[in-house]
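> Protein chains in written order, with my numbering: chain A, 722 to 1148; chain B, 21 to 209; chain C, 48 to 363. Using N, Cα and C, we set each Cβ at its ideal position, and we do this for glycine too.
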Amino acid sequence: MVFLLFGVMIVLLFMGFPMMIPLIAAALAMMWVYFPFTDPAILIQQMIGGVSPAVLTAVPMFIFAADIMTKGHTADRLLDLVMRFVGHVRGGLPITTALSCTLFGAVSGSTQATVVAMGGPLRPKLLEAGYRDSFAIALIINASDIALLIPPSIGMIIYGVVSGTSVGELFIAGIGPGLLVLVLFSTYAYVISRIQKVPVQARAGWGLRWQAVKKAALPLGFPVIIIGGIYSGIFSPTEAAAVSVLYALILELFVFRAVAFRELPSLALSTGLITAVVFILVAAGTAFSWTISFAQIPDQLLGGLIAEAAGNPQLVLAVIAVAFFVGCMFVDPIVVILILTPIFAPVVDRAGIDPVLVGTLVTLQAAIGSATPPFGCDIFTAMAIFRRPYLEIIRGTPPFIFMLLIASVLLIAFPSIALFLRDLAFR
Amino acid sequence: MIDVPVTDRLLPLITKADRLLEAFERLVLSAGILLMAAVSIANVASRNLLGQSFTFVEELNQILMVLITFVGIGYGVRHARHIRMSALHDQLKGTTRKALMVIVSLGTGLLLLVLAWYAVQYVIGVHRTGSVTPAMRIPLYLIYAWVPVGFVIGGIQYLLAAWRNLTTPGVYLSFQQKEAYEPPAGGET
Amino acid sequence: SGEPQIRFALEEVEGSVQDAYAQRFKALIEERSEGRIKVNVYPYGALGSSAQLTEQVQNGALQFAFASPGHLGSVVPEVQVFSLHFLFSDDEQVNQQIFTGSGELKRLLGEAYRERNLELLSIVQEGWMVWTGDRPLRSPSDFEGFKIRTMPSPLLVEAYQAYGANPTPMPYSEVYGALQLNMIDGQVNPIFAIEEMSFYEVQEVLTFANHLPFVSTLVANPDFLAGLSESDRELVESVRAELDEEIFELQQRFNRERLETIREESDIQVVRLVEEEREVFRDAAMPVRDSYIKSAGERGAVILKAVTAARNRLEQ
Ligand code: NA
Ligand code: NA
């Protein structure tokens, strides 16, 4: 059974079928071969059910808010702010890149929107300053990972829905690991600029800095609204998504006047397209995952680990991290979350691990996977916007993956990196 | 944007029908997102300012998500935006590359039509149970009926892409979209 | 296709009343059929939401499942009788007789289920629905402006609105955080859920109004039952009847123990309403019964009458 299910999936996946097909075809094959008396129409039920949870509304709403702001002035203003304050230190430009991606990550729920918004303006600046292109591109696509850890996060919304974990708690727990990655990348940037002897930039005067602060003040309201709103219980994560759309509209339509009313339908169309492409994967992944449960495959696969789990939470976390890391190398992180989360659920339960910690670790792997070859949505986005071939895009990634793995190890060893802020808010 | 070979008399007709369908898909995606934003914002405002939640908002949003997901299949094919792992495909050249494209398009198209068949069965089943949404009491089968429609639209799009690849030189990612030299493969999340 | 296999799905996680039921059911069936009939139990989350489980029973993918009225109301409107506040007795024993006896309720509901391709096997009590809040809820005036999280079932929402509360829909997983951050003032659930989700850590008062027993129904796929041999059908029926009693006592013990745990781990205040206080709520919630009849039709009216009559008779 395991062989048929994963065999069909892997073959079709590598042939280059759209990712929903390997999932659905494998599930259908299982139904036809092993459950001939069960109506496969049940898979349709699961596909529809997969995209029906109310919490998922937050996904298109956060994407819409990010689309509006990418079109408008928000990204530029945030970038400008960071540049004027840290641009002049050693490694200032790459540190600016990491920090800007983190800040934009507080606005955007996906890594790709961040690659587009920050990669466009920053890569020429990095090249001009004398950094190698392989470093510049790898930095941009990996720093964009931070957007998945800093709230809002589409990965966390999906994990929350699948595992029945509070999305609000996951959001808050992602901040610590996000900042950890930021620190690691900034340190690396500093070292690289030393080694490559990149000249430092001129320091911006306080007048310019003050100007940048004023211009960025309103965009900085975003994290305040999303994190502050959830922290203080004014609204749920789903509501925060709606509020962020409202805030983006007020900012870009009325205050900055960077987006016109008549542009909204086409922005909504682009959001709708991204949503459809993501949600059909959620639908197919849910059907696949149902088949796994129905055939009781988790018991077959993880029986041994379940027995070991109780006394050894760190082993369980390590196994989970490796499984998600490998899965995310080849398949879209959302699909990996949909499939692996229910498989590991009994183990997590038995080991008594906080599901919020698991969610944060899983999201970190999803973030890493977005930029690791062979399949990485950020790699493809970078290919599209920088117009560079695949191999050139991924050349500089190994050091970043290494740092992200260190972050994973630290998170497993010191769960309070994630749970400290969560406990402060919710316990 | 498209070079329609005049030799084929069927093509203009299909292209025209295709354009109409595309307009419909654009409407669903665009209006769906705008409506979702509008009611969600109104609901937050109402809950915080008036202390009143609308129970129908969740339901409406769920309906919109189903519509966007399934009607959006076709639009995703059209713009070659469905997420896939193209590592192997990208290494191939010439006829092999085209052949793989045909197999993938054909296989996907047929499987989507199979799914459409099961979806019809499912919708008939839901119709028979008479289920309705809790707050607005809309019959569920009316909402779910868009699922097989979406599969059929998506399936036909892939079959058209296969046909394009078989009848026209060059590699086509979709019926209308020819592959650029450096393929912008993959999609967005 | 060979020996019968029963796939049995739960709406609750391991360690719950439903899980206890299913494990006993599995043990008894497998033992008495000498391993011929296999029972696979799927805990909540494995195969989808409650509504999806019911559909999987209708469609034959599952043979058995629990289906609770909260979601089933949109498929079988008659079952919303279990959402009507203060309709049932405040004595669990009386309600147990109404649910399991040879009374009208199960027969009438059974008809309604059968029309939707479901076989109603048992009505299972899981304990009282209990209000938790930042204050005691002794009268409708205490509910004024009270933001309460409840299932989005229309009749429940209507009842709380009738008390003056603001029912707020919210996913189960967000409730703890929302209580902690005062986004909502309270919620309503049976004791075992309040203990399991640790809601008592972030609430001041448990109010027992005994307004509603938390009920789930055990359903089966009719074709599966019809396809069983006579002796197998009798076996299933005898195990079911046996478990009706056993699980009733087990759930009482479960809820008693969990309440003890809650009181040990917190200094939460426990309030029990007296009949005069319940009376005020009952009057306020009366109009919801008209909504029930509107939604459940003639059979609904008959069910309502039958329940009231049975209750009056048994309470004598
Ligand atoms: Na983010
Ligand atoms: Na990857």
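For C/Glu173, which three-state DSSP category applies?
Correct three-state label for C/Glu173: strand.
> Within 10 angstroms of the Cβ of C/Pro187, are there 16 or more other Cβ atoms? Answer buried if so, exposed if not.
Looking at its Cβ environment, which holds 16 or more other Cβ atoms inside 10 Å, C/Pro187 is buried.
> If you compare alpha carbons, which of B/Ser106, B/Leu87 and B/Gly52 is closest to A/Gly737?
Comparing Cα positions, the closest option is B/Ser106.
> Just curious, the alpha helix (DSSP H) that C/Asn359 is in, first and last residue?
Unbroken alpha helix (DSSP H) run through C/Asn359: Glu322 to Glu362.
> Any idea which residues DSSP pairs B/Lys198 with across the strands?
B/Tyr192.
> Cβ-heavy atom distance between A/Ser907 and ligand 1 below 7 Å?
For ligand 1, not one heavy atom lies less than 7 Å from the Cβ of A/Ser907.
> Just tell me which of C/Val262, C/Tyr223, C/Leu259 and C/Glu323 has its CA closest to the CA of A/Arg1148.
It is C/Tyr223.
> Measure from the C-beta of A/Gly770 to each C-beta in chain C and report whether the shortest distance is under 8 Å.
Yes, because at least one Cβ of chain C sits closer than 8 Å to the Cβ of A/Gly770.
> With H, G and I counted as helix, E and B as strand and the rest as coil, what does DSSP make of A/Pro845?
If DSSP states are grouped into helix, strand and coil, A/Pro845 belongs with the helices.
> Rounded to the nearest angstrom, how far is the Cβ of A/Lys918 from that of A/Arg798, given a contact under 8 Å?
Actually they are not in contact, since the Cβ atoms of A/Lys918 and A/Arg798 sit about 31 Å apart, beyond 8 Å.
> Assuming C/Ala206 and C/His132 form a contact by the criterion Cβ under 8 Å, report the distance between their Cβ atoms to the nearest whole angstrom.
With 8 Å as the limit, C/Ala206 and C/His132 qualify as a contact, their Cβ atoms being about 5 Å apart.
> Rounded to the nearest angstrom, what separates B/Trp137 and B/Val172 at their Cα positions?
Each residue's alpha carbon lies about 9 Å from the other.
> Inspect the beta-carbon positions of A/Ala857 and A/Ala796 and report whether they are closer than 8 Å.
Cβ distance not < 8 Å, so A/Ala857 and A/Ala796 don't count as in contact.
> One question on the structure: do A/Ala836 and A/Ile861 come within less than 8 Å of each other, judged by their Cβ atoms?
The identity of residue 836 of chain A in the sequence shown is Val, whereas the question assumes Ala. Result yes, Cβ atoms of A/Val836 and A/Ile861 sit closer than 8 Å.
> Pull the bridge partners of C/Asn87 from the DSSP assignment, please.
DSSP output for C/Asn87 lists C/Arg54 as bridge partner(s).
> So A/Gly1006 contacts chain C; which residues on that side make the cut at Cβ distance below 9 Å?
Result: empty, since nearest Cβ-Cβ is about 13 Å, beyond 9 Å.
> Looking only at C-alpha atoms, which of A/Phe1046, A/Ser1010 and A/Val828 sits nearest to A/Gly793?
Closest option to A/Gly793, Cα to Cα, is A/Val828.
> How should B/Val24 be labelled, buried or exposed, when 16 other C-beta atoms within 10 angstroms of its C-beta is the threshold for buried?
Caution applies to B/Val24, whose pLDDT of 49 falls short of 50 and renders its modelled position unreliable; the model cannot decide the point.
> Output, in sequence order along the chain, the residues in the region 746-760 of chain A whose CB is closer than 9 Å to any CB in chain C.
Cβ contacts with chain C: Phe756, Pro757, Phe758, Thr759 and Asp760.
> Spatial neighbours of A/Ala748 within its chain, please: CB distance less than 7 Å, with the 5 preceding and 5 following residues excluded, ordered by chain position.
Excluding residues within five positions, the ones whose Cβ falls inside 7 Å are Leu764, Ala1008, Phe1009 and Thr1012.
> By DSSP's criteria, C/Thr254 is part of a beta bridge. Which residues make up the other side?
The partner list for C/Thr254 (beta bridge, DSSP) reads C/Trp178 and C/Val318.
> Taking C-beta pairs closer than 7 Å, name the residues in chain A that C/Gln227 reaches, listed in chain order.
What C/Gln227 touches in chain A: Phe1147.
> For B/Thr153, name the three-state secondary structure that DSSP assigns.
Looking at B/Thr153 - three-state DSSP - the assignment turns out to be coil, as it is neither helix nor strand.
> Using the DSSP secondary-structure output, state which residues sit across from C/Pro260 in a beta bridge.
Paired residue(s): C/Trp175.
> Would you say the beta carbon of C/Ala348 is closer than 7 Å to some non-hydrogen atom of ligand 1?
C/Ala348 Cβ: outside cutoff for every heavy atom of ligand 1.
> Beta-carbon separation of A/Ala819 and A/Ala910 under 8 Å?
It is a contact, given that the beta carbons lie within the stated cut-off.
> So what's B/Gly207 in DSSP terms, helix, strand or just coil?
Low local confidence applies: a pLDDT of 40 at B/Gly207 is under 50, so the model's placement there is unreliable, and no value is given.
> Let me know if A/Phe1051 comes out buried or exposed under the rule of 16 or more other beta-carbons within 10 Å of its beta-carbon.
Result: buried.
> Does C/Arg310 come out as helix, strand or coil in the three-state DSSP assignment?
Helix, per DSSP.
> Listing by chain order, which chain C residues have their CB less than 7 Å from the CB of A/Ser874?
Ordered by position in chain C, no residue passes the 7 Å Cβ test against A/Ser874, which lies about 16 Å from the chain.
> How close, in whole Å, do the beta carbons of A/Met741 and A/Ala1005 come, if the pair is a contact with beta carbons under 8 Å?
Confirmed, about 4 Å.
> Candidates A/Met768, A/Glu849, A/Met877 and A/Arg1071: which alpha carbon is nearest A/Val921's?
Nearest of A/Met768, A/Glu849, A/Met877 and A/Arg1071 to A/Val921, Cα basis: A/Glu849.
> Taking C-alpha atoms, which residue in B/Pro32, B/Ile53, B/Thr115 and B/Thr116 lies nearest to A/Ala963?
The residue with the shortest Cα to Cα distance from A/Ala963 is B/Ile53.
> Just checking A/Leu869 against ligand 3 - is the residue's beta carbon closer than 7 Å to any of the ligand's heavy atoms?
Within the structure as shown, ligand 3 is missing, the only ligands being ligand 1 and ligand 2.
> Should the region 878-891 of chain A be called in touch with the region 1112-1120 of chain A, which here means at least 3 C-beta pairs below 8 Å?
Verdict: no, contact absent.
> List the whole-angstrom C-beta distance separating C/Val252 from C/Val318, where the pair is believed to meet the contact cut-off of C-beta under 8 Å.
So it is a contact: roughly 6 Å between Cβ atoms.
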